[in-house]
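Chains as they are written, first to last, in this note's numbering: chain P, 233 to 493; chain W, 139 to 467. Positions of the beta carbon are idealized from the N, C-alpha and C atoms, including for glycine. No experiment lies behind these values; they were computed from the predicted model shown.
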């Protein structure tokens with residue numbers, strides 16, 4: 233099976249996020265890492281590869297530093313037949329969902345995958361719509377929020393997680409697959425994996441490679457525009473008290489003052 | 139100036155219990171927004187037996203209701219819904235289509251963003267009309283930025299909206315009901331919903347509607363301690379929630395999870411017991427009107443944003459609080 237996992241590099245959750253003059257997230261002044269929601273997608277891709285054989289490709293779109301996230305995915309892959317593709321081009325800065333999907337879909341077309349795996353959403357933009365957008369571009373069935381995945385022959389079967397249960401869904405490959413954040417426990421790369429990652433195939437594509445015009449991407453191609461951004465006042469720190477046997481009374485008073493009991 | 143029809147459409151999914159509640163809230167919002175450009179709110183109701191529920195959507199704010207009972211919506215899920223919404227939007231060119239920012243709404247929005255070429259405005263916490271088009275506000279980057287954005291070009295705006303952005307209300311009106319002609323496009327029905335499995339939900343009061351939520355995390359120590367939270371919730375007429383740590387440990391079902399990947403709640407009071415307040419949880423409850431935290435660890439991040447923080451043992455304090463509430467006269 234030819235598996236492709238989409239990976240994004242995002243600021244770590246503890247980073248203080250700032251916007252630059254174009255109202256874009258300043259990605260240079262912060263520590264970045266693999267999007268936490270993508271780690272289960274990488275893990276699920278690797279487990280399916282181990283069960284069914286084939287190859288796995290990790291694809292990221294982003295600045296050159298996003299190579300770090302691809303190297304981590306390659307390190308997690310260990311001995312598996314894995315490679316990475318970074319789509320990097322100065323004109324991509326400021327791309328919105330529409331143009332990000334356009335670019336990733338063009339790359340995926342070249343890779344002709346049987347299975348495209350994405351995480352639930354990104355840590356930074358957090359829209360969760362990319363899987364649907366890619367499925368539309370590639371005219372593929374979409375199976376998202378998968379909490380369990382099985383492949384038998386050319387059929388993929390998932391448990392689509394609901395708040396009070398799940399739907400068993402099926403489709404024939406190829407499909408776009410979105411996985412939950414709790415579908416598995418992602419592995420840590422081994423030292424051998426980290427060393428081996430440096431020897432694995434690593435390709436960089438730019439827009440010319442993908443046959444996409446620069447006016448389709450970045451701020452020029454965006455179908456949505458940020459008009460303004462303000463930092464809301466942080467929630468004021470409240471009263472912190474140590475329990476000396478009177479905590480229940482203190483909470484009761486707090487609730488009563490707000491007429492909640 | 140927009141050449142789209144002055145209509146705001148709202149996708150209303152239909153399940154066994156009827157039209158989904160978040161979509162009804164959205165209809166009230168769409169009604170008020172559409173009036174600002176002398177337009178109409180249009181509900182698109184998809185699912186088995188849609189005609190039986192269509193009339194009631196007038197009272198939720200719809201001026202018109204478009205229905206389809208095509209079996210594909212139950213059998214093939216979001217792909218089929220995205221297809222009929224795409225066909226109908228191409229034919230009628232509404233100004234905007236609102237979807238609630240849940241699973242299916244998010245999947246459909248992604249497909250339509252590409253199919254209609256309009257991109258997507260995701261996770262709106264509020265909407266406004268500016269120069270005849272919709273702008274949305276979202277809280278981004280872990281709540282550190284409030285961002286206002288809009289769509290570019292003369293397009294049908296695709297917008298996903300967070301729960302509780304609008305309050306549903308009763309309208310006196312009747313809605314016109316029309317049946318949408320739907321011939322599935324090639325490939326729209328490739329996903330098969332084989333069966334739906336419902337797991338027991340511990341939430342007697344739905345979390346999203348609760349005035350008070352009592353939530354437990356890793357610090358509760360195990361599943362047994364959630365009975366204490368249940369007692370307190372019963373005493374105050376509230377619901378019980380949980381952090382991802384408690385759900386992942388298997389102590390309570392996913393239905394109770396509050397956070398980035400669980401429910402996003404907005405009660406009058408949120409009582410967090412043995413929850414550290416990591417970002418994953420904070421995102422789901424930081425909009426609560428008041429936050430009370432009980433945690434043994436004085437350094438827990440939750441004390442940074444709690445209105446009342448108690449450094450102490452929830453296993454001791456919660457039963458005392460329940461008794462104190464029950465003893466009030």
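Proximity test, Cβ basis, 9 Å: residue i and chain W
i                     : result
residue 386 (chain P) : no
residue 450 (chain P) : no
residue 260 (chain P) : no
residue 389 (chain P) : yes
residue 251 (chain P) : yes
residue 241 (chain P) : no
residue 396 (chain P) : yes
residue 200 (chain P) : Limits of chain P in this structure are 233 at one end and 493 at the other, which puts residue 200 (chain P) out of reach.
residue 483 (chain P) : yes
residue 392 (chain P) : yes
residue 254 (chain P) : no
residue 490 (chain P) : yes
residue 399 (chain P) : yes
residue 493 (chain P) : yes
residue 343 (chain P) : no
residue 263 (chain P) : no
Bounding residues of the alpha helix (DSSP H) (the contiguous stretch that carries residue i)
i                     : result
residue 328 (chain W) : It is not in any alpha helix (DSSP H) - residue 328 (chain W) carries neither H nor E in the DSSP assignment.
residue 457 (chain W) : 452 to 464
residue 368 (chain W) : 364 to 374
residue 358 (chain W) : Element bounds for residue 358 (chain W): n/a, residue is neither H nor E.
residue 159 (chain W) : 159 to 173
residue 244 (chain W) : 241 to 253
Other residues of its chain near residue i: CB distance less than 7 Å, five sequence neighbours each side excluded
i                     : result
residue 184 (chain W) : 151, 152, 206, 211, 219, 222
residue 143 (chain W) : 230, 231, 232, 233
residue 270 (chain P) : 239, 240, 351
residue 489 (chain P) : none
Cutoff 9 Å: residue i Cβ touching any chain P Cβ
i                     : result
residue 187 (chain W) : no
residue 281 (chain W) : yes
residue 392 (chain W) : yes
residue 158 (chain W) : no
residue 238 (chain W) : no
residue 285 (chain W) : yes
residue 225 (chain W) : no
residue 427 (chain W) : yes
residue 351 (chain W) : no
residue 233 (chain W) : no
residue 241 (chain W) : yes
Residues near residue i by beta carbon distance below 6 Å, same chain, minus five either side
i                     : result
residue 311 (chain W) : 196
residue 434 (chain W) : 451
residue 425 (chain W) : 404
residue 438 (chain P) : 321
residue 252 (chain P) : 258
residue 469 (chain W) : No answer is possible for residue 469 (chain W): it lies beyond the span of chain W, which begins at 139 and ends at 467.
Endpoints, beta strand (DSSP E) assigned at residue i
i                     : result
residue 293 (chain P) : 287 to 293
residue 284 (chain P) : It is not in any beta strand (DSSP E) - residue 284 (chain P) instead sits in the alpha helix (DSSP H) that spans 270 to 284.
residue 277 (chain W) : 271 to 278
residue 318 (chain W) : Element bounds for residue 318 (chain W): n/a, residue is neither H nor E.
residue 147 (chain W) : 143 to 153
residue 382 (chain W) : Where residue 382 (chain W) is concerned, there is no enclosing beta strand (DSSP E), although the alpha helix (DSSP H) it sits in stretches over 382 to 386.
residue 206 (chain W) : 202 to 206
Cut-off 8 Å between Cβ atoms - residues of its own chain near residue i, not counting five sequence neighbours on either side
i                     : result
residue 305 (chain W) : 163, 166
residue 256 (chain W) : 250, 289, 291, 293, 294, 295, 296
residue 245 (chain P) : 268, 355
residue 359 (chain P) : 329, 353
residue 262 (chain W) : 239, 274, 275, 276, 297, 298, 299, 300, 303
- Message: Using a Cβ-Cβ cutoff of 7 Å, what residues of the region 323 to 336 of chain P are near chain W? List them in chain order.
- Response: 328, 329, 330, 333
- Which ranges would you report for the alpha helix (DSSP H) in the region 437 to 481 of chain P if only whole runs of at least 4 residues count? 439 to 442, 450 to 453
- Residues of the region 359 to 383 of chain P with Cβ closer than 7 Å to any Cβ of chain W, in chain order: 359, 360, 361, 362, 363, 364, 365, 367, 368, 369, 371, 373, 374, 375, 376, 377
- Message: If the cut-off is 7 Å on Cβ atoms, which residues from the region 446 to 474 of chain P count as contacting chain W, listed in chain order?
- Response: 454, 455, 456, 457, 458, 459, 460, 461, 462, 463, 464, 467, 469, 470, 471, 472, 473, 474
- Could you please tell me which residues of the region 258 to 277 of chain W, in chain order, have their CB closer than 8 Å to any CB of chain P? 258, 259, 260, 261, 273, 277
- Query: Going along the region 397 to 417 of chain W in order, which residues come within less than 9 Å of chain P, judged by CB to CB distance?
  - Reply: 398, 399, 400, 401, 406, 407, 409, 416, 417
- Task: Anything in the region 437 to 461 of chain W with a Cβ closer than 9 Å to a Cβ of chain P? List those residues in chain order, please.
- Result: 441, 442, 443, 444, 445, 446, 447, 448, 449, 450, 451, 454, 455, 456, 457, 458, 459, 460, 461
- Near-chain P residues of the region 201 to 221 of chain W - C-beta to any C-beta below 8 Å: 215, 216, 217, 220
- Query: Which residues, in chain order, does the region 267 to 299 of chain P contribute to contact with chain W at a C-beta distance below 7 Å?
  - Reply: none
- Message: Please identify, using Cβ separations under 8 Å, the residues of the region 316 to 336 of chain W that lie next to chain P, in order along the chain.
- Response: 325, 328, 329, 330, 331, 332, 333, 334, 335, 336
- Interface positions of the region 371 to 391 of chain W facing chain P (Cβ-Cβ less than 7 Å), listed along the chain: 374, 386
- Task: Give, in chain order, every unbroken run of the beta strand (DSSP E) that is at least 3 residues long and sits entirely within the region 347 to 391 of chain P.
- Result: 347 to 350, 374 to 384
- Using a Cβ-Cβ cut-off of less than 9 Å, give me the residues of the region 419 to 437 of chain P that come near chain W, in sequence order. none
- Item | Near-chain P residues of the region 290 to 317 of chain W (beta-carbon distance less than 8 Å), N- to C-terminal order | 290, 291, 293, 298
- Message: Output needed in chain order: residues of the region 246 to 257 of chain W with a Cβ under 9 Å from some Cβ in chain P.
- Response: 246, 247, 248, 249, 250, 251, 252, 253, 255, 256, 257
- Message: As an exercise, report each continuous alpha helix (DSSP H) stretch of at least 4 residues that is fully enclosed by the region 397 to 428 of chain P, in chain order.
- Response: none
- Message: Just to confirm the assignment: which complete beta strand (DSSP E) runs, minimum length 3, are found wholly within the region 295 to 329 of chain P?
- Response: 314 to 319
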